[in-house]
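A quick write-up on the structure given underneath.
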Amino acid sequence: MGATVLWGYAVQALLALSWTLYALLLPPMLRQVGLDAATVAAWLAWLLIIDQLVFAAADCAAGMWAARTAQGARRLAGPIALAAVISSLALGALPWLAHTGSGAALLGATLVWALAGSLLRAPLLALLGRAVSADERTRRVAAVAIGLAIAGACAPQLTTRLAGIDARLPLGLAAAALALAVLYVGRVEARLPPAQDAGHLPRDAAALRLLAGALLAAVAAQLQTAIAAKAQYAAAGGGGDWLALFWLGCTLGGLLAPRLARRLPAAQAGALALAGGALCLLASLVAPALAPLAIAQALAGLAWGITLTTLFTSAAARGAGSLGLLFAALALAVVVRLALQRAGLDAALAGGLAAGGWLLAAWMLYRLRAG
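Going by our numbering, the first residue of the sequence shown is number 4, and it counts up by one from there.
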């Protein structure tokens, strides 16, 4: 595994961990600016929804920007590195601004972090997607699935260990690590071939079906991992640490996806994995004990890792504009989950919707002719 691939995994993992830390540490920061516990509880979900909507809009814009500037191979690294520094400074400043009691300053820094961070997703992955072969492209874009998986696996432990801790230390460390990692982007770009990108958003039916299937699959994954799985493990006598099994499976799926993509077009490979994952989610609904539930969850995670990687492979082949839209779809999936969670969606129903959503998304993706 080359240095470029490992670098991509590290950056995407740090990005996902930054969001996880932010979401966990936002409530105490809001209390520091003068909001009482009841107000924080009432508005937290809405604030996270707004964050994700900003992410979605910024990812679309960043994908378009990367597509239109990628013809000059050296033109992406500088802006990406600058965005990394700005985004990291804003993330690290959040707890310090919260200590001042200024809600406006906290909100402004959050907006800067979200907007600047968009250049570290679609444009950065577009760079990694400049591979000589489809197999190598799949290996590189697996960074997204693996990064999300690492953050998801760490979340249960972080929830426990960060309780009551000063937010300045974890957010400062995350910001510094991300900035240092992304500053390597110039060397990475120098090793890559120039991009061939049309610079427009995809409008063909296949691309739109890909995005629709990706959005549906991502919403279903959110419902399973954030709502249904917790209740399923609680009913089986398992604690929150068991949630990490899904994400460990997802990591393995990201690593195995390139082998599967050699034999099938990317979208179809993801569709088959997603259909198998849906069966695992159905098995989770009726698992009689903790052991079979854990196995079903790990296999579902494996399927999601393969699917997520193949989705990004298909998008990378279509250009940075498609990557921006796909990242936006992931953000919108979080919005849908947060809204349903706030509305009081039943955990059992969430599990059924997740399985059904994956089956429908698998059918949509399987109909695509090319990956």
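Ideal Cβ positions, reconstructed from N, Cα and C, are used throughout, including at glycine.
Here Asp39 carries a coil assignment [DSSP, helix/strand/coil]. According to the DSSP assignment, Tyr187 belongs to no alpha helix (DSSP H), since it is labelled neither H nor E. Gly324 is positioned such that its CB atom lies no closer than 8 Å to that of Ala119. In this structure the stretch 312-322 does not touch the stretch 151-168; the number of beta carbon pairs closer than 8 Å is below three.
Taking 8 Å as the cut-off, the Cβ atoms of Ile309 and Ala272 count as close.
The beta carbon of Ser121 lies closer than 6 Å to those of Ala61, Asp62, Ala65 in the same chain, with the five residues before and after it left out. Between Ser21 and the set Ile83, Trp68, Gly95, Gly81, the nearest pair of CA atoms involves Gly95.
Between the C-alpha atoms of Thr7 and Leu329 there is a straight-line separation of about 22 Å.
For the pair Val338 and Gly252, the Cα-to-Cα distance works out to about 24 Å.
Collapsing the DSSP output to three states places Ile168 in coil. Only residues of its own chain outside the window of five on either side were considered, and among them Leu17 have a CB closer than 8 Å to the CB of Ala180, listed in chain order. Contact check between the stretch 215-234 and the stretch 331-346: three or more CB pairs, one atom from each, fall below 8 Å, which counts as touching.
Proximity of the stretch 83-93 to the stretch 52-59 falls short of the contact definition, fewer than three beta-carbon pairs being nearer than 8 Å. When C-alpha distances from Leu258 are compared across Ala224, Ala290, Val88, Arg140, the shortest belongs to Arg140.
Look at the beta carbons and you see the stretch 275-283 touching the stretch 300-308: at least three pairs across the two are nearer than 8 Å.
Taken through DSSP and simplified to helix, strand or coil, Asp54 comes out as helix. In the structure shown, the three-state DSSP call for Asp349 is coil.
Residue range 293-321 is occupied by the alpha helix (DSSP H) that includes Thr313. At a Cβ-Cβ threshold of 8 Å, Leu311 and Gly354 do not count as neighbours. Considering only Leu288, Trp361, Val185, the residue with the shortest C-alpha distance to Ala239 is Leu288.
Secondary structure note for Arg212: its alpha helix (DSSP H) is the uninterrupted segment 208-226.
Distance between Gly189 and Leu246, taken at the CA atoms: about 37 Å. Contact check between the stretch 167-179 and the stretch 95-107: three or more CB pairs, one atom from each, fall below 8 Å, which counts as touching.
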